[in-house]
Amino acid sequence: MNWGGFQSLSHLWLLSLLAPLVLFYFLKLKRPRAEIPSLVLWRQVLQDQRVNSPFQKFKRNLLLLLQILLLLFLIFAALQPFWRGGPGKNRRLPVLVDCSASMGALDKSGGVSRLAEAKRRVREMIDGLTAGDQLCLISFDNTPHKLTGFTNNKGLLRDALEQIEIADVPSDLEQALRLVQALGRSEPFDEVLLFSDGNFPPRVNFDLSFKLNYQRLAPAGVNLGVTAFNAQRAVAGGWDVFAQIEGSADAEGNVSMELFQDGNSIANERVTIARGHAQRLEFQVKGEQATSLRVQLTPEGFDSLASDNTAYLDLPESRPLRVFVPRTLVTYRLALQGIQDIQLFPQTTSDDASGSFDLVISDRPQDMNLVARTKLSVGFVPEELQRFVELGTNGSSVVDWRRDAPLLQHVQLADMVVLDEPRFVQNAGEGDLENLNYEVLIHGRGGPLMVRKQDADGVRFALLFHTDRSTLPYRVGFPIFVENVVQAAMQQAGLAEALANKTGVLPPLTLAPNGKYQIQTPSQTVEAITADERGIVSGVAAPRAGYYSILENGAQRRRVGAGLLSPTETSLNSVDQIQFNEQLQVAAATIAVKTDWPLWPALLMAGLCVMLFEWWFFQKKPGGWK
Amino acid sequence: MQPLAPKPQMTTLLSNSALDRLRRLRICPAGKRTSRSRGEHLSGKGGTSTEFCDYRDYVSGDDTRFVDWNIFARLNRPYLKQFHKEEERNVVLLIDASASMKSGGKLELAKSLAAAFGIMGLLNNERVSAYASHQATDAPDRLPPCRGRMNLRKLFQFIEGVEGRGDAPLDRAIESLLRHHSGRGVCVIVSDFLTFGDLKRSFNILYAAGLEPFGIQILSPQEIEPDITTDLRLVDSETEDTLDISSSADLFALYQEYRQGLENDLTLLCQRRQGRFMSVSSTTPVETILFDQLRRKGWIE
Numbered sequence: 001m002n003w004g005g006f007q008s009l010s011h012l013w014l015l016s017l018l019a020p021l022v023l024f025y026f027l028k029l030k031r032p033r034a035e036i037p038s039l040v041l042w043r044q045v046l047q048d049q050r051v052n053s054p055f056q057k058f059k060r061n062l063l064l065l066l067q068i069l070l071l072l073f074l075i076f077a078a079l080q081p082f083w084r085g086g087p088g089k090n091r092r093l094p095v096l097v098d099c100s101a102s103m104g105a106l107d108k109s110g111g112v113s114r115l116a117e118a119k120r121r122v123r124e125m126i127d128g129l130t131a132g133d134q135l136c137l138i139s140f141d142n143t144p145h146k147l148t149g150f151t152n153n154k155g156l157l158r159d160a161l162e163q164i165e166i167a168d169v170p171s172d173l174e175q176a177l178r179l180v181q182a183l184g185r186s187e188p189f190d191e192v193l194l195f196s197d198g199n200f201p202p203r204v205n206f207d208l209s210f211k212l213n214y215q216r217l218a219p220a221g222v223n224l225g226v227t228a229f230n231a232q233r234a235v236a237g238g239w240d241v242f243a244q245i246e247g248s249a250d251a252e253g254n255v256s257m258e259l260f261q262d263g264n265s266i267a268n269e270r271v272t273i274a275r276g277h278a279q280r281l282e283f284q285v286k287g288e289q290a291t292s293l294r295v296q297l298t299p300e301g302f303d304s305l306a307s308d309n310t311a312y313l314d315l316p317e318s319r320p321l322r323v324f325v326p327r328t329l330v331t332y333r334l335a336l337q338g339i340q341d342i343q344l345f346p347q348t349t350s351d352d353a354s355g356s357f358d359l360v361i362s363d364r365p366q367d368m369n370l371v372a373r374t375k376l377s378v379g380f381v382p383e384e385l386q387r388f389v390e391l392g393t394n395g396s397s398v399v400d401w402r403r404d405a406p407l408l409q410h411v412q413l414a415d416m417v418v419l420d421e422p423r424f425v426q427n428a429g430e431g432d433l434e435n436l437n438y439e440v441l442i443h444g445r446g447g448p449l450m451v452r453k454q455d456a457d458g459v460r461f462a463l464l465f466h467t468d469r470s471t472l473p474y475r476v477g478f479p480i481f482v483e484n485v486v487q488a489a490m491q492q493a494g495l496a497e498a499l500a501n502k503t504g505v506l507p508p509l510t511l512a513p514n515g516k517y518q519i520q521t522p523s524q525t526v527e528a529i530t531a532d533e534r535g536i537v538s539g540v541a542a543p544r545a546g547y548y549s550i551l552e553n554g555a556q557r558r559r560v561g562a563g564l565l566s567p568t569e570t571s572l573n574s575v576d577q578i579q580f581n582e583q584l585q586v587a588a589a590t591i592a593v594k595t596d597w598p599l600w601p602a603l604l605m606a607g608l609c610v611m612l613f614e615w616w617f618f619q620k621k622p623g624g625w626k
Numbered sequence: 001m002q003p004l005a006p007k008p009q010m011t012t013l014l015s016n017s018a019l020d021r022l023r024r025l026r027i028c029p030a031g032k033r034t035s036r037s038r039g040e041h042l043s044g045k046g047g048t049s050t051e052f053c054d055y056r057d058y059v060s061g062d063d064t065r066f067v068d069w070n071i072f073a074r075l076n077r078p079y080l081k082q083f084h085k086e087e088e089r090n091v092v093l094l095i096d097a098s099a100s101m102k103s104g105g106k107l108e109l110a111k112s113l114a115a116a117f118g119i120m121g122l123l124n125n126e127r128v129s130a131y132a133s134h135q136a137t138d139a140p141d142r143l144p145p146c147r148g149r150m151n152l153r154k155l156f157q158f159i160e161g162v163e164g165r166g167d168a169p170l171d172r173a174i175e176s177l178l179r180h181h182s183g184r185g186v187c188v189i190v191s192d193f194l195t196f197g198d199l200k201r202s203f204n205i206l207y208a209a210g211l212e213p214f215g216i217q218i219l220s221p222q223e224i225e226p227d228i229t230t231d232l233r234l235v236d237s238e239t240e241d242t243l244d245i246s247s248s249a250d251l252f253a254l255y256q257e258y259r260q261g262l263e264n265d266l267t268l269l270c271q272r273r274q275g276r277f278m279s280v281s282s283t284t285p286v287e288t289i290l291f292d293q294l295r296r297k298g299w300i301e
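Protein sequence lines, in the order shown, are assigned to chains A and B. In terms of our numbering, the first sequence is residues 1 to 626. In terms of our numbering, the second sequence is residues 1 to 301.
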């Protein structure tokens with residue numbers, strides 16, 4: 001077994017300092033002279049066998065021996081000895097540090113966060129890092145961040161460790177492990193160390209190819225937080241606002257919840273949360289104009305996680321849904337006329353189709369260029385799908401459809417007759433569509449009959465057959481289908497319901513085209529952002545809960561709030577065992593990871609003790625050694 | 001009426017009050033060692049003193065002057081009267097005046113004690129002689145034997161003139177003393193007894209010469225309780241030899257052990273030769289030694 005060793009054996013030359021030490025000791029030993037009447041007694045004393053015993057000789061030269069001991073301690077400290085705690089030398093060890101929202105939970109009032117505890121343990125590892133060992137620090141929340149390469153540079157590792165901060169987002173262990181796996185292709189290793197509170201799904205879709213040392217941190221204290229915050233359009237034109245309060249397994253007690261509208265408190269409720277139960281609160285908010293809501297939860301007892309106590313919700317102004325349907329699609333226009341709060345274009349008195357819409361339903365490809373968050377193309381294959389799907393004339397029929405898709409809910413498509421024949425071209429398949437981010441909603445005999453695509457610009461549905469050449473308009477489900485399309489459009493436009501913004505990525509922001517802005521995060525950092533030609537800014541990272549201010553030339557232009565809103569993170573659940581693919585399970589380690597123990601601090605301390613003893617013995621104790 | 005002027009100090013060695021008290025004291029040797037010459041000490045043998053001792057039968061040749069004629073008249077038989085013989089006692093004072101005695105007031109005390117013994121000897125009509133040893137190679141300074149109070153000033157002058165110098169070892173000083181001295185009595189040796197020499201031999205010679213050894217060891221406080229706090233190089237005041245020692249409690253304990261051992265050896269050395277021995281500190285007042293310690297130990301009465 002390898003018990004330990006020295007990191008810096010090159011300092012052995014320091015042992016040569018013993019020679020000058022001994023030399024100087026005897027040269028310097030110029031004793032003061034003291035005249036006494038006679039040396040008779042002293043001669044006899046010094047000739048006594050007891051005085052000349054080895055121990056007495058040792059005591060006589062105690063000063064020299066103490067100095068040699070002190071020098072040896074210093075030299076051995078310079079050699080940087082260490083006590084081997086873990087496996088042998090020359091190992092690479094990636095260290096994954098969870099920095100998701102739940103890691104910010106405190107263990108007690110005024111205590112330390114889980115991340116601080118993880119940092120402490122990793123810092124111990126760094127302190128005990130020997131020359132042959134290399135660490136690679138990786139932090140992960142919903143995305144992994146490689147902080148350092150494999151290195152034994154303690155300064156670099158400590159700096160990187162200090163940079164790890166809590167991100168108020170759920171963790172994604174799978175992504176982190178994939179990064180580590182990719183890392184192992186260039187620099188192989190045997191073991192990966194994971195420091196986490198275990199707040200992630202128990203099953204991870206990952207083929208584990210290395211040993212995972214899962215160091216689960218001690219559980220945090222009780223926690224209550226807001227896990228959902230949304231609003232639905234009320235009949236009277238206002239909004240019904242809902243907030244969900246959940247907590248950790250053993251959380252209970254009274255909380256007060258205050259609702260702010262545009263900064264003004266409009267409601268305050270005090271509720272009692274029972275252990276293991278959630279509480280749902282409802283508020284009525286007037287909402288003709290766009291408004292901003294903030295809900296603030298204040299537990300009366302200790303709450304270990306503060307980031308989940310606030311949620312933000314932006315409500316749009318109340319208006320009818322703007323829908324564009326060409327006059328040729330009579331069936332759709334007829335179906336839409338029966339739905340309230342619809343403004344249909346082109347109107348019967350005008351062919352004006354300018355401006356933006358919330359929903360475009362058209363059988364003309366050029367209409368797909370209209371600005372709308374929701375589009376439904378009818379009877380043609382979108383241009384980007386034409387490489388994989390072609391339109392035949394032999395007719396088709398429905399094989400299956402996604403009954404759970406919101407668009408097809410309560411729509412019966414069985415035995416529907418379709419005269420068009422959308423079919424895959426040779427060597428094309430559903431995978432090609434998925435690569436383009438399309439999802440097949442209705443499967444036909446030779447290919448997809450309906451697809452859906454969701455991106456930052458909105459959602460696009462495409463009926464690859466023309467409904468006028470099918471029996472769909474004659475079916476009872478057709479008005480329901482159109483109603484579903486309208487509901488989807490209202491959701492996209494935010495007119496039917498509004499969901500609170502979650503941390504991670506801010507929702508797309510509509511600003512001035514090509515405008516240059518700065519965004520100030522809750523942690524007061526400022527980043528530059530640029531709107532595209534349509535004035536949309538998307539993909540803005542929101543790692544912390546709080547308000548994000550969009551500044552233009554230093555002046556605030558808009559403010560968007562983002563909250564954690566994650567039941568998983570709020571629950572502070574901790575997974576004992578991680579289930580990987582192929583029935584591979586990794587349980588939380590029961591013993592802390594053993595680190596190499598540097599001995600030089602102890603040696604320096606021993607040297608200091610020797611020095612203090614020497615000082616005390618020769619300066620403060622005239623009587624000598626009793 | 002004017003107060004009486006204080007009496008002038010007779011000597012610097014002893015106060016006048018101590019001198020007054022010494023006048024009433026005498027030296028008490030353990031044995032009766034006297035010289036054959038006539039003196040004031042009864043020898044235990046028949047002599048011609050005035051003090052009657054015993055009767056014995058007359059034998060032919062006896063001096064008829066000592067026949068008790070009154071008894072002859074009553075008993076018609078001649079008996080001879082016997083008388084005690086009174087012999088003189090020698091008091092030899094040996095002052096160790098080597099350089100080692102200079103420190104800590106040892107020599108001053110030694111001189112005072114020697115003077116006290118000398119006074120007691122002179123006032124009791126004993127034959128007092130004094131010696132002060134300095135150099136090993138030279139003969140000791142000497143006050144020839146004298147008797148009677150008229151020699152007090154001579155004794156004081158001699159003792160007051162003793163200075164500490166030289167490296168005379170005590171054993172050599174005793175042997176040198178015996179080369180000049182004759183007569184039985186006591187020999188008061190005042191010294192620190194810190195010598196490398198063989199005291200046993202010199203004490204045997206001293207005993208053989210008829211002198212009871214009265215050893216008074218005077219040690220300074222520094223010798224009784226050395227106050228050494230650091231590593232030192234000790235220098236012998238007589239020989240200037242050096243010795244390096246380190247501050248150590250064990251060492252001090254051993255020193256005390258050896259000092260006590262030396263005191264015990266010297267006590268035995270004296271006692272086996274019908275003598276006495278005592279160790280005193282140089283800081284002890286001479287009156288305390290004379291009128292307390294020596295009287296209690298029976299050295300003087």
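From the three backbone atoms N, C-alpha and C, an ideal C-beta is built for every residue, glycine too.
Cβ neighbours of B:D141 in the same chain (closer than 6 Å, five flanking residues each side left out): Residue numbering aside, residue 141 of chain B sits at position 141 when the second sequence is read from its first letter. Excluding its 5 nearest sequence neighbours in each direction, B:D141 has C-beta neighbours in its own chain below 6 Å: A132, listed in chain order.
Proximal residues of chain B, C-beta to C-beta of A:L39 below 7 Å: One-based indexing of the first sequence puts residue 39 of chain A at position 39. The contacting residues are L234, D236, D241, L243.
Proximity test, Cβ basis, 8 Å: A:E614 and chain B: Counted from its first residue, the first sequence places residue 614 of chain A at position 614. No, no contact with chain B.
Three-pair Cβ contact test at 8 Å for the segment 515-528 of chain A versus the segment 550-560 of chain A: By the criterion of at least three beta-carbon pairs nearer than 8 Å, the segment 515-528 of chain A is in contact with the segment 550-560 of chain A.
Within 8 Å, strictly: CB atoms of A:A541 and A:D168: In the first sequence, the residue the question calls residue 541 of chain A occupies position 541. In the first sequence, the residue the question calls residue 168 of chain A occupies position 168. Taking 8 Å as the cut-off, the beta carbon of A:A541 is found no closer than this to the beta carbon of A:D168.
Test item: CB-CB of A:N199 and A:E569 under 8 Å: For this step, residue 199 of chain A is matched to residue 199 along the first sequence. For this step, residue 569 of chain A is matched to residue 569 along the first sequence. Contact flag set, yes.
Exposed unless 16 or more other CB atoms sit within 10 angstroms - verdict on A:K375: By one-based count along the first sequence, residue 375 of chain A stands at place 375. By the Cβ neighbour-count rule, A:K375 is buried, with 16 or more other Cβ atoms within 10 Å of its own.
Start and end residues, alpha helix (DSSP H) containing A:A118: Your numbering for residue 118 of chain A matches position 118 in the first sequence. 114-127 is the span of the alpha helix (DSSP H), which, as asked, contains A:A118.
Residue from A:L69, A:A562, A:D48, A:W83 whose Cα sits closest to the Cα of A:P507: Here the question's residue 507 of chain A lines up with position 507 in the first sequence. Of the candidates A:L69, A:A562, A:D48, A:W83, the one whose C-alpha sits nearest the C-alpha of A:P507 is A:A562.
B:A209 - DSSP class collapsed to helix/strand/coil: Your numbering for residue 209 of chain B matches position 209 in the second sequence. Reduced to three states, the DSSP call for B:A209 is coil.
Buried/exposed call for A:R322, threshold 16 Cβ in 10 Å: Residue numbering aside, residue 322 of chain A sits at position 322 when the first sequence is read from its first letter. Counting Cβ neighbours within 10 Å, A:R322 comes out buried, since at least 16 surround it.
Interfacial residues, the segment 260-289 of chain B to chain A, with Cβ spacing under 8 Å: So the list reads L262, given in the order they occur along the chain.
Closer than 8 Å to chain B by CB, A:V45: The residue labelled residue 45 of chain A in the question sits at position 45 within the first sequence. Interface flag for A:V45 against chain B is set, since a Cβ pair is found closer than 8 Å.
Pairwise C-alpha distance: A:R373 and A:D341: The residue labelled residue 341 of chain A in the question sits at position 341 within the first sequence. The residue labelled residue 373 of chain A in the question sits at position 373 within the first sequence. The straight-line gap from Cα to Cα measures roughly 17 Å.
Alpha-carbon spacing of A:F580 relative to A:L177, whole angstroms: Along the first sequence, read from residue 1 onward, the residue named residue 580 of chain A stands at position 580. Along the first sequence, read from residue 1 onward, the residue named residue 177 of chain A stands at position 177. If you take the alpha carbons of A:F580 and A:L177, they lie about 11 Å apart.
Check whether A:L509 and A:V459 have beta carbons under 8 Å apart: To locate residue 509 of chain A, count along the first sequence from 1; it is residue 509. To locate residue 459 of chain A, count along the first sequence from 1; it is residue 459. Not in contact: A:L509 and A:V459 (Cβ atoms no closer than 8 Å).
Under 9 Å by beta carbon: chain A residues contacting B:S103: By one-based count along the second sequence, residue 103 of chain B stands at place 103. Those are E35, I36, P37, listed as they occur along chain A.
Residue(s) in a DSSP beta bridge with A:G155: Numbered from its first residue, the first sequence carries residue 155 of chain A at position 155. Beta bridge pairing from DSSP links A:G155 with no other residue.
First through last residue of the beta strand (DSSP E) which encompasses A:V459: Along the first sequence, one-based indexing puts residue 459 of chain A at 459. Looking at the DSSP string, the run of the beta strand (DSSP E) that includes A:V459 is 458-463.
First and last residue of the uninterrupted alpha helix (DSSP H) at B:A253: Here residue 253 of chain B refers to the residue found at position 253 of the second sequence. It spans 249-271 - the alpha helix (DSSP H) in which B:A253 sits, taken as one unbroken run.
Residue from A:Q366, A:V505, A:A306, A:W401 whose Cα sits closest to the Cα of A:Y548: The residue you call residue 548 of chain A lines up with position 548 of the first sequence. If we check each option's Cα against that of A:Y548, A:V505 comes out closest.
Interface flag, B:F196 vs chain A, CB-CB below 8 Å: One-based indexing of the second sequence puts residue 196 of chain B at position 196. It does: the Cβ of B:F196 has a partner Cβ on chain A nearer than 8 Å.
Cβ of B:S17 within 8 Å of any chain A Cβ: What you label residue 17 of chain B is simply residue 17 of the second sequence in a count that begins at 1. Closer than 8 Å: no.
Residue range of the unbroken alpha helix (DSSP H) whose run includes A:V610: In the first sequence, residue 610 of chain A corresponds to position 610, counting from 1. Residues 600-615.
Neighbour flag for A:L14 against chain B, beta carbons, 8 Å: In the first sequence, residue 14 of chain A corresponds to position 14, counting from 1. By the rule that beta-carbons nearer than 8 Å mark a contact, A:L14 does not touch chain B.
Reduced DSSP category for A:V482 - H, G, I as helix; E, B as strand; rest coil: As a position in the first sequence, residue 482 of chain A is number 482, starting the count at 1. In the structure shown, the three-state DSSP call for A:V482 is helix.
Enclosing beta strand (DSSP E) for A:Q343 [first to last residue]: Numbered from its first residue, the first sequence carries residue 343 of chain A at position 343. Start and end: 342-345.
Inter-residue spacing [alpha-carbon to alpha-carbon] between A:D308 and A:A267: Here residue 308 of chain A is taken as the residue at index 308 of the first sequence, counted from 1. Here residue 267 of chain A is taken as the residue at index 267 of the first sequence, counted from 1. Cα-Cα distance, rounded: 19 Å.
C-beta neighbour in chain A for B:E225, strict 8 Å: Against the second sequence, residue 225 of chain B aligns to sequence position 225. Against chain A, the CB of B:E225 has no partner CB under 8 Å away; the residue lies outside that interface.
Closest by C-alpha distance to A:L156, when choosing among A:A251, A:V371, A:S377, A:R123: The residue labelled residue 156 of chain A in the question sits at position 156 within the first sequence. Ranked by Cα distance from A:L156, the first of A:A251, A:V371, A:S377, A:R123 is A:R123.
Any chain B beta carbon closer than 8 Å to A:W625: Sequence index remark: in the first sequence, residue 625 of chain A carries index 625 (1-based). Model confidence at A:W625 stands at a pLDDT of 46, short of 50, so the residue's coordinates are unreliable; what they give is reported in the following sentence. Yes, contact with chain B.
Chain A contacts from the segment 179-193 of chain B (Cβ-Cβ distance under 7 Å): Within the segment 179-193 of chain B, the residues whose Cβ lies closer than 7 Å to some Cβ of chain A are D192, listed in chain order.
Cβ pair count under 8 Å reaching 3, the segment 238-250 of chain B against the segment 259-275 of chain B: Not touching, per the Cβ criterion.
C-beta neighbour in chain B for A:L18, strict 8 Å: For the purposes of this step, residue 18 of chain A is taken as residue 18 along the first sequence, with counting starting at 1. No, no contact with chain B.
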